[in-house]
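These protein sequence lines are chains D, F and Y, in that order. Under the working numbering, the first residue of the first sequence is numbered 1, with each subsequent residue one higher. Under the working numbering, the first residue of the second sequence is numbered 1, with each subsequent residue one higher. Under the working numbering, the first residue of the third sequence is numbered 1, with each subsequent residue one higher. Even glycine gets a Cβ: it sits at the ideal position worked out from N, Cα and C.
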Amino acid sequence: MPSLKELSHKKELLSRGHRLCPGCGAPIIVRQVLLAADKPVIVACPTGCLEVGTTIYPYTAWKMPWIHCAFENAAATLSGVETAYRALKKQGKIKDDIRFIAFGGDGGTYDIGLQSLSGALERGHRMLYVCYDNEAYMNTGIQRSSASPLGAHTTTTPPGKAIPAGKTESRKNLTEIVAAHNIPYVAQASPGYHMDLMKKVQKALSVDGPSFINVFSPCPRGWRYPAEKTIEIAKLAVLTGFWPLYEVENGKYRITYKPRKKRPLREFLEAQGRFKHLLAEENKPIVERMEKEIESREKELMIRAGEGEK
Amino acid sequence: MKEKGWKEIPIGGLILEPGNAEKYLTGSWRTFRPVVNKEKCTSCLLCWIYCPDDSIIVEDEQMKGFRYEHCKGCGICKNVCPFKAIEMVEESKYQQIEK
Amino acid sequence: MATIEAMTGDEVAAEAMRQINPDVVAAYPITPQTEVVQNFSQSVANGRVKTEMIRVESEHSAMSACVGASAAGVRAMTATCANGLALMWEIVYIAASYRLPIVMAVANRALSGPINIHCDHSDSMGARDSGWIQLYSENCQEVYDNLIQAVKIAEDKSVLLPVMVCFDGFIISHATERVEILDDEKVKNFIGEFKPQYPLLDLNNPVTYGPLDLFDYYFEHKRQQVEAMENAISVIEKVGKEYEKISGRKYELVEKYNLEASDMVIIAAGSTAGTIKATIDELKEKGINVGLLKIRTFRPFPHVQIRDALKDKLCVAVMDRSASFGARGGPIFLEIRSTLYEEKKKPVVVNYIYGLGGRETTVEHIKKVVDNLSKIKKTGKVDRLIDYLGVRE
């Protein structure tokens, strides 16, 4: 992976002047992903913050060919583009070596777009699907998704007298669901660890088949923290074990970053307004459940990576 | 921008000018402005890789300042700077000076 | 040299697709469209086409992949019906609004529920405001001919809209008929090379497809779609004439059968037009004359041609194979009545809703319609403006 200084010579493919919120995690992720790509790319987005914020007609922030079709079908739409490319390549009508990348939020990926994603993965289209996971429907105003973590305060899971916990269900483990498709490359990343993320992008783009990277995408507005803390929180999620960084390369698990000293989950929770209510005594069992879940996932990952005992 | 009639725009809602969002200046959103102390700055470029708005000016691998016409003033650059070389200053102070 | 074959509607649709030889086909199986995809898959497997096929996991993804492929800059096709069309509904509108010349075969089938696999037009009629051109076919030959013409209509620079080629599920899709198949070369030359205007795969001219289009421009884009649909009228006529030259078969926006001979007219789309023709022939021998105005093109609606065709007619029965619940009659009826509104002298127009969920419509049914028309002609009285043909009370 080239150094930042070397990367700074590359042409930016997402222009400034987009209208995502100040401090939004998504454009940081997009910039890092696109900086890591060595080949020309064509991008697809499902409906969501990123799509809306970057393409308010007559303006587009995308400097490469880009398509948005609907909310639940970025993978299917891009599989059409990729197939057209293969058809023309076979016919000798296209010379360029092109890579295809989708950027979808958790709503468009974990929930409404899961079928379309699963279909595209099974069919084996050569494309990289990047989920920028901000753990709720931010574009419509912070409603819970199946990526929203246990205990999260969203506008459809507000803590109240009868339900003090906020969201009472644990989130779906999409990375594992994708890994179960046995595609060549699957990873989890965080923009706070940009080199790790960019290395994963390079690996993902080099495999001859589908690849998927689930990227933790802090949202100042939805998670209620000051905009300047986006990267700080992206790091805390990793340091507390809330968002482990790992990859599954041809079925082989590898933990790509291990914090030297794990930080207590509390630090992560305290930094965000969406978890504030969990600090109350009555929600102690929720925090304990979260800690247990982190611990068991960590053990499971260690076993899969061949570092733990069965 | 003058709004065009239906005969004057491309069909299908297509935008044929890539990256023209650059013409849309988001700098007016800012309430705090990042200011760099070049004596402390080492041009590690962490501010650049973490900027959501591509608003850090980098020339010849050196951090040269900010694109104030687009910088939304989120303050991530200040927060990630290992050398505390960036501070956020209230925009109103500058507006007074510029007046 | 054309060859004569015995084929079902589905088989001949697949044969037309083979000759069109699209770059990408994305499809999902649904009765009674299934054999279109199956037969075409065999052509792919046998290497008879250059097509890359995407066997998607739903109709929603079928249309989405077609949108992606067509935007990328290639010829893309699919086929569906009923619930499948309903599932892709959202993307059907998007395909039209992105101005993508996708061609889709629709083996008309009743929409659920309760679930039913047989023919009516509720599926495609429901999509009549989606921005797609709609051609309805009377028989297997027309399925073939319409599909080939559809490619040329869709890709015309002044149109650039997707086209649905509709044919009655089972009645046409599964009925074996005599069809004339043109030579591969002839079809190839007729449709020509696809030259996309704004291909996504053109790296030198990066285009953004599908931005957020708000109150300041969305309306202008819709106005463009209206214009394209209007342009399609003359393009469909022009392509019909060109097609006649290579096939010997005449195609117009509407078809007139025995129309000049009578002041009584039945209007219909799809296979029932054939039943009506048979009835007309039978009644003619008994000295009763009635005409047929077949709607081949429903979108764009050829109102000028229809108005002219109905000049001096006294009574008209409009056959609708779908119900528009809560409306004053079926979709074709509404269009016909609206078309005639400005006319000083206009015929009495009644509506028959018929054949829902595959309910059989026979010569005897049509004779009842003719009887009623004769009664109206004689008495000037209309008992029922909207009637239901073949339903049990």
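query, result
"So what's H277/D in DSSP terms, helix, strand or just coil?", "helix"
"Sort out for me which residues DSSP pairs K256/Y with in a bridge.", "L293/Y"
"So, is the C-beta of G12/F closer than 8 Å to a C-beta in chain Y?", "yes"
"Between G324/D and chain F, is any beta-carbon pair separated by less than 8 Å?", "Absent from the model: residue 324/D. The displayed extent of chain D is 1 to 310, so no value can be given."
"Is M88/Y helix, strand or coil when you go by DSSP?", "coil"
"Select from the segment 32-48 of chain D all residues with a C-beta closer than 9 Å to any C-beta belonging to chain F, and list them in chain order.", "Q32 and L35"
"According to DSSP, is F167/Y helix, strand or coil?", "strand"
"Could you tell me the distance, in whole angstroms, from the CA atom of W223/D to the CA atom of G273/D?", "6 Å"
"Quick one, which residues of the segment 61-78 of chain F are near chain D if we go by CB-CB under 7 Å, in chain order?", "E61, R67, H70, K72, G73, C74, G75, I76 and K78"
"Leaving out the 5 sequence neighbours to the left and right, which residues in its chain are closer than 6 Å to Q225/Y when beta-carbon positions are compared?", "G131"
"Taking any Cβ of chain B, which residues in the segment 140-171 of chain Y have a Cβ under 9 Å from it, in chain order?", "Absent from the structure: chain B. Protein chains present are D, F and Y."
"Could you name the residues of chain Y that E3/F contacts, counting a contact when the two beta carbons are closer than 8 Å?", "D216 and Y217"
"Around the Cβ of S148/D, are there at least 16 other Cβ atoms within 10 angstroms (buried) or fewer (exposed)?", "buried"
"Helix, strand or coil for P398/Y per DSSP?", "The structure shown has nothing for residue 398/Y, since chain Y only spans 1 to 393."
"Do you know whose CA, among K346/Y, V179/Y, L201/Y and V165/Y, lies nearest A269/Y's CA?", "V165/Y"
"Which stretch, first to last residue, makes up the beta strand (DSSP E) that contains H60/Y?", "Note, H60/Y: premise wrong, no beta strand (DSSP E); alpha helix (DSSP H) at E59 to A72."
"With a threshold of 16 other CB atoms inside 10 Å of the CB of V186/D, please say whether the residue is buried or exposed.", "buried"
"Is the beta carbon of L205/D sitting closer than 8 Å to the one on L201/Y?", "no"
"Run down chain Y in chain order and give the residues with a C-beta less than 9 Å from the C-beta of L16/F.", "Y198, N205, P206, V207 and T208"
"CA-CA distance, E228/D and P211/Y?", "29 Å"
"Starting from R171/D, follow its DSSP beta bridges and name the residues at the other end.", "Looking at the DSSP assignment, R171/D forms no beta bridge with any residue, so it has no partner."
"Classify V348/Y as helix, strand or coil using the three-state DSSP reduction.", "strand"
"So, are the CB atoms of E91/F and L25/F less than 8 Å apart?", "no"
"Exposed or buried, M17/Y, counting other C-beta atoms within 10 Å across all chains shown (16 or more means buried)?", "buried"
"Using 8 Å as the cut-off, can you tell me whether the segment 30-43 of chain D makes contact with the segment 229-237 of chain D, which would need three or more C-beta pairs spanning the two stretches below that distance?", "no"
"Can you list, in chain order, the residues of its chain whose CB lies under 6 Å from that of S262/Y, leaving out five sequence neighbours each side?", "N289, V290 and G291"
"Between which two residues does the beta strand (DSSP E) harbouring W66/D extend?", "W66 to H68"
"Shortest alpha-carbon distance to V151/Y belongs to which of V74/Y, L310/Y and K294/Y?", "V74/Y"
"Quick one: is Q224/Y near chain F, going by C-beta distance under 8 Å?", "yes"
"Taking Cβ-Cβ distances shorter than 8 Å, what residues in chain D pair up with S97/Y?", "Neighbours of S97/Y on chain D: none; closest Cβ ~11 Å, over 8 Å."
"Need the endpoints of the alpha helix (DSSP H) that T83/D sits in, please.", "A74 to K90"
"Against chain D, which members of the segment 104-115 of chain Y pass a CB distance test of less than 7 Å?", "none"
"Since I believe V37/Y is in contact with A27/Y (beta carbons under 8 Å), could you give me their beta-carbon distance rounded to a whole number of angstroms?", "5 Å"
"In angstroms with no decimal places, state the Cα-to-Cα distance between E8/F and K345/Y.", "41 Å"
"Quick one: measure Cβ to Cβ for C21/D and P220/D, integer angstroms, because I've assumed they're closer than 8 Å.", "6 Å"
"Sort P114/Y, S58/Y and A95/Y by Cα distance to D129/Y and report the nearest one.", "A95/Y"
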